[in-house]
Amino acid sequence: MGLLDILLGRTKPVAPDLDRLFALPSAAVTLEAAAGFRPTGSGAVCFATVEGAAFDQTHREVQALLDADAERDGRPVQLTRDDYGYSWLVSRRAPDQLPDLVNDLHAVNSAMEVNGFGPQLLCSLVGFEDDRDQRLALVYLYKRGTFYPFAPLPGAAERRDNPLELRVQAALAGDLRIEEDLNRWFPVWGAPGL
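For any residue, its number in my numbering is found by taking its place in the sequence shown, counting from 1, and adding 584.
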C-alpha cells in the first residue's frame with residue numbers, strides 16, 4: 585500500500601483465509617458449552633452466479649465432487665437460488681460430522697477460488713440449533729476472512745435475536761476471528777442450511 589492509498593483512504597483488502605473454516609469444530613464445542621447450541625449438520629456456500637462456460641464447468645466439477653462423496657454416504661447435496669439471485673450449494677451431514685461438513689465447505693470454496701471465481705464467493709455458513717429449536721448460523725465472510733453469528737427469531741418475519749448474537753460473539757472470540765464491524769453482520773434471511 586502506497587502513500588497515495590493512505591491519503592485517499594484506500595485500504596488493502598483482507599486476503600481470504602479458507603483454513604479459518606477448520607476452526608469451526610472447536611468453536612462448536614465452545615458454543616454448545618456456552619450457549620447450548622449444537623450443529624444441525626447443514627452448511628452452505630453462497631456465491632454470485634456468473635454466466636459462461638468456464639463458470640458452468642467449475643460449478644459442475646464442484647457439484648460432482650460433493651455428489652460423489654454424498655452418494656457414498658447417502659446424503660443429498662443441493663443447489664438452490666435465493667430470491668436475490670445468489671446461488672447456494674448446500675451440504676448435509678449427520679450433526680456429529682461437523683469436521684466432514686467443514687471439509688465440504690472448504691472444498692467448494694477452494695475449487696471456486698482455484699478456478700478464478702474467488703470474487704464471486706460471498707459467504708459460507710454452518711447451522712446450529714438449541715433445545716428450543718432456536719436457529720443460529722455461524723457465517724464466514726469470504727472477502728473479510730471473518731465470522732459472525734446470525735440468529736433469526738423463530739416465527740418472526742425478518743427479525744433477529746441481537747442479544748443472542750452478541751452473547752455468541754463474546755463466547756467465540758477466542759475460537760474464531762469475529763467480524764468487528766457489526767454493520768457487516770448481514771442478515772441471510774431464508775438461507776438454505778439454516
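We put the beta carbon where it would ideally sit given N, CA and C, even for glycine.
In the same chain as Leu-650, and ignoring 5 residues on each side of it, the C-beta atoms closer than 8 Å to its own belong to Val-661, Leu-673, Ser-675, Asp-688, Ala-691, Val-692, in chain order. Under a 10 Å Cβ-count criterion, Asp-601 is classified as exposed, with fewer than 16 other Cβ atoms of the shown protein chains found around its own Cβ.
Distance from Asp-759 to Ser-610 at the Cβ level is roughly 6 Å; contact confirmed, criterion being Cβ atoms closer than 8 Å. In its chain, beyond the 5 residues on either side, Val-629, Leu-689, Tyr-724 have a beta carbon closer than 6 Å to the beta carbon of Ser-708. Taking all protein chains in view, the Cβ of Ala-741 is surrounded by fewer than 16 other Cβ atoms within 10 Å, so the residue is classified as exposed. In the three-state reduction of the DSSP assignment, Thr-730 falls in the strand class, which pools E and B. By the criterion of a C-beta distance shorter than 6 Å, Ala-618 is surrounded in its chain by Ala-755, once the five residues flanking it on both sides are discounted. Inter-residue distance for Pro-736 and Leu-720 is about 7 Å (C-alpha atoms, whole angstroms). Phe-770 counts as exposed, since fewer than 16 other C-beta atoms from the protein chains shown sit within 10 angstroms of its C-beta.
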